[in-house]
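Peer 1: Pasting a structure here, questions to come.
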Amino acid sequence: QQQVKQSPQSLIVQKGGISIINCAYENTAFDYFPWYQQFPGKGPALLIAIRPDVSEKKEGRFTISFNKSAKQFSLHIMDSQPGDSATYFCAADKAAGNKLTFGGGTRVLVKP
Amino acid sequence: DTAVSQTPKYLVTQMGNDKSIKCEQNLGHDTMYWYKQDSKKFLKIMFSYNNKELIINETVPNRFSPKSPDKAHLNLHINSLELGDSAVYFCASSQVSSSYEQYFGPGTRLTVT
Chain A
13 QQQVKQSPQS
23 LIVQKGGISI
33 INCAYENTAF
43 DYFPWYQQFP
53 GKGPALLIAI
63 RPDVSEKKEG
73 RFTISFNKSA
83 KQFSLHIMDS
93 QPGDSATYFC
103 AADKAAGNKL
113 TFGGGTRVLV
123 KP
Chain B
318 DTAVSQTPKY
328 LVTQMGNDKS
338 IKCEQNLGHD
348 TMYWYKQDSK
358 KFLKIMFSYN
368 NKELIINETV
378 PNRFSPKSPD
388 KAHLNLHINS
398 LELGDSAVYF
408 CASSQVSSSY
418 EQYFGPGTRL
428 TVT
């Protein structure tokens, strides 16, 4: 079963717009929630991460919002740029679990 | 300097063959991983090694055998290749204390014909 559900599967946004990707998880033992960015032909790379004791984390144009009671978290990309076009994965990690559980990915296309 | 490197980048082979993919990391990490990414981009962990010791072995056919000669290397050997093995295989590494922060290699695209 898929422990981390991600939506939408794909997203098209105009340059300057906001991209929003949502994830939901089941396992309350997860205690770290990273987002990875993957460009075509490359490996995923860590973009930003949050712990459940924080409701929001911002790094540049990227913001994670976290709702512990709803077991949901989301990535907002503000002022989206064509260079942001990539596949984004949410993930969840358990303390000392040594195992990242990934969502299904969202392909984001930013049109100029 | 490449942090996590994999060879080869592309691998095309016929069903029934045996092949290996090599991975090396120069980040000084103590944990290494193998992931499989299918055609729908879904990323699934296959194996995880910490200090050369296998700690995660997901439901993977035993035709797949990882081997870690030292902390900096994790190789993947695949016997009797099948069409369904076609995918992109990623190696990654991290410190065990921060396993959420993994560094991925460039991937090996395996095509079985």
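First to last, the sequence lines map onto chains A and B.
Per our numbering, the first sequence runs over residues 13 to 124.
Per our numbering, the second sequence runs over residues 318 to 430.
Note that the Cβ used here is the ideal one computed from N, Cα and C, for glycine as well.
#1: Report yes or no: is there a C-beta of chain B within less than 8 Å of the C-beta of residue 105 (chain A)?
#2: Please work out which residues of its chain come closer than 6 Å, Cβ to Cβ, to residue 123 (chain A), disregarding the five sequence neighbours upstream and downstream, and give them in chain order.
#3: Evaluate contact between the segment 15–22 of chain A and the segment 67–87 of chain A, counting only Cβ atoms and requiring at least three cross-stretch pairs below 8 Å.
#4: Taking 8 Å as the threshold (beta carbon to beta carbon), is residue 342 (chain B) in contact with chain A?
#5: With a threshold of 8 Å, are at least 3 pairs of Cβ atoms found where one atom belongs to the segment 327–336 of chain B and the other to the segment 416–430 of chain B?
#6: Should the segment 91–98 of chain A be regarded as contacting the segment 387–394 of chain B, the criterion being three or more beta carbon pairs within less than 8 Å?
#7: What did DSSP end up calling residue 86 (chain A) once you bin it into helix, strand or coil?
#8: Assuming residue 350 (chain B) contacts residue 409 (chain B) under a Cβ cut-off of 8 Å, what Cβ separation, rounded to an integer in Å, is found between them?
#9: Exposed or buried, which one is residue 337 (chain B) when buried takes at least 16 other CB atoms within 10 Å?
#10: Given residue 339 (chain B), which residues of its chain have a CB within under 6 Å of its CB, disregarding the five upstream and five downstream residues?
#11: Compile a chain-ordered list of the residues in the segment 21–51 of chain A whose CB is closer than 7 Å to at least one CB of chain B.
#12: Note down, in chain order, each residue of its chain lying with its Cβ closer than 7 Å to the Cβ of residue 404 (chain B), except the 5 sequence neighbours on either side.
#13: Can you give the Cα-Cα distance for residue 383 (chain B) and residue 93 (chain A), rounded to whole angstroms?
#14: For residue 372 (chain B), collect the residues of the same chain with a Cβ closer than 7 Å to its Cβ; drop the 5 residues on either side in sequence, then sort them by chain order.
#15: Whose C-alpha, out of B:335, B:344, B:414, is nearest the C-alpha of residue 422 (chain B)?
#16: Whole beta strand (DSSP E) runs in the segment 26–114 of chain A with 3 or more residues, listed along the chain?
#17: Do you know how far the Cα of residue 32 (chain A) is from the Cα of residue 374 (chain B)?
#18: Locate the beta strand (DSSP E) running through residue 419 (chain B), then write down its first and last residues.
#19: Can you list, in chain order, the residues of its chain with a C-beta nearer than 8 Å to that of residue 413 (chain B)? Leave out the 5 residues immediately preceding and following it.
Peer 2: Answer, in terms of the structure:
#1: By this cut-off, residue 105 (chain A) is an interface position.
#2: 26
#3: no
#4: no
#5: yes
#6: The segment 91–98 of chain A makes no contact with the segment 387–394 of chain B, as fewer than three CB pairs between them are under 8 Å.
#7: strand
#8: Rounded to the nearest angstrom, the Cβ distance from residue 350 (chain B) to residue 409 (chain B) is 4 Å, consistent with a contact under 8 Å.
#9: Exposed, by the Cβ-count rule.
#10: 324, 392
#11: 44, 46
#12: 353, 354, 355, 427
#13: 40 Å
#14: Here residue 372 (chain B) has 365, 366 as same chain residues with Cβ atoms under 7 Å from its own Cβ, once five neighbours each way along the sequence are excluded.
#15: Nearest C-alpha to residue 422 (chain B): B:344.
#16: Listed in chain order, they are 31–37, 42–50, 57–62, 68–71, 74–79, 84–89, 98–106, 112–114.
#17: 34 Å
#18: Segment: none, residue 419 (chain B) is in no beta strand (DSSP E) and carries neither H nor E.
#19: 347, 348, 367
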